[in-house]
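In the working numbering, the protein residues as written are 26 to 343.
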């Protein structure tokens, strides 16, 4: 029995994408060609690998074994590529970065731009993903480095973690908002307007609830359901704020230009007492490639620069 690695990759794509249609789009192969590939795999092993059931596709016992083998092969190939990148250094190679919503807004881009400016032959792949997915994707070898809210990195024994600066957050509104000209805005009054927010990581949600409990006790129990508009796209969330009377909580670094231009305004004097604690992480017990080490260096430099700039902005606005 001789297995074709491409057929194993096709099997993995079908299962991971939940069907032949989405898998064919993901791997840029026509659906009939993908079907023929799976049929050829079944002929090679002399057994069915996938059964169609009412709830979808289900792997047979042989299919489960083949999928495990396919995953191991893909992981070994990625590890081989990483070692080749280490040998090639900063002249070539590939870097795969995963970021959460706010890390993608104003923090990651400049560091990647600097990396590309100095080392244009390094291929960089950036994935903006839900925070709960990224740690597993690092351990599976799909991503090299992730940048996300630090409290979400719970299984820390498997990661090397480097903490970034504690970035302050602010409640903001659009220019011309009914609350904009007020010198003092109470939290209850602020929350009488719609609240737009991303789905908060648990640590941020608990901090927000804690501050509500201190300030407006009767609202604290509703804290998790206060958001009228919930969106995990920073750009869409920003557009919502700019075109409505909703208020929102943002890391200041993500909206620095909007604050300086006057498109957004922070709501005084409520100090929400929440810092956005980001960290970068990568799989532990391995050597960094030259491109990974260089990116991490540039990210720390940019992070410190942003932190100093935002502190100065807050001081000037006080």
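Glycine is no exception: its CB is placed at the ideal position from the N, C-alpha and C atoms.
- Taking 4 residues as the minimum length, the alpha helix (DSSP H) runs contained wholly in the stretch 128-179 are 133-143 and 159-164, in order along the chain.
- The alpha-carbon of residue 72 is positioned some 16 Å away from that of residue 94.
- For residue 41, the number of other beta carbons within 10 angstroms of its own is below 16, and it is reported as exposed.
- A contact is defined here as three or more CB-CB pairs under 8 Å, and the stretch 124-143 fails this definition with respect to the stretch 73-90.
- In the structure shown, residue 81 falls within a strand segment according to DSSP collapsed to helix, strand and coil.
- Annotated three-state conformation of residue 212 is helix, per DSSP.
- Under the DSSP assignment, residue 271 falls outside any alpha helix (DSSP H); it carries neither an H nor an E label.
- Contact annotation: residue 279 and residue 252 have beta-carbon atoms that are not nearer than 8 Å.
- For the pair residue 216 and residue 312, the Cα-to-Cα distance works out to about 48 Å.
- Contact between residue 124 and residue 153 holds: their C-beta atoms lie close to 6 Å from each other, under 8 Å.
- Counting other Cβ atoms within 10 Å of its Cβ, residue 186 stays below 16 and is therefore classed as exposed.
- Residue 256 carries a coil assignment under DSSP once its states are collapsed to helix, strand and coil.
- Judged by DSSP secondary structure, residue 339 falls within the alpha helix (DSSP H) whose first and last residues are 315-342.
- Taking the C-beta atoms as reference points, residue 341 is found no nearer than 8 Å to residue 287.
- Judged by DSSP in its simplified three-state form, residue 264 adopts helix.
- In this structure, residue 169 lies near residue 122, with their beta-carbon atoms less than 8 Å apart.
- Secondary structure at residue 197: strand, using DSSP grouped into helix, strand and coil.
- Proximity to residue 82 across 68, 48, 191 and 52 peaks at 48, based on C-alpha coordinates.
- For residue 270, the number of other beta carbons within 10 angstroms of its own is below 16, and it is reported as exposed.
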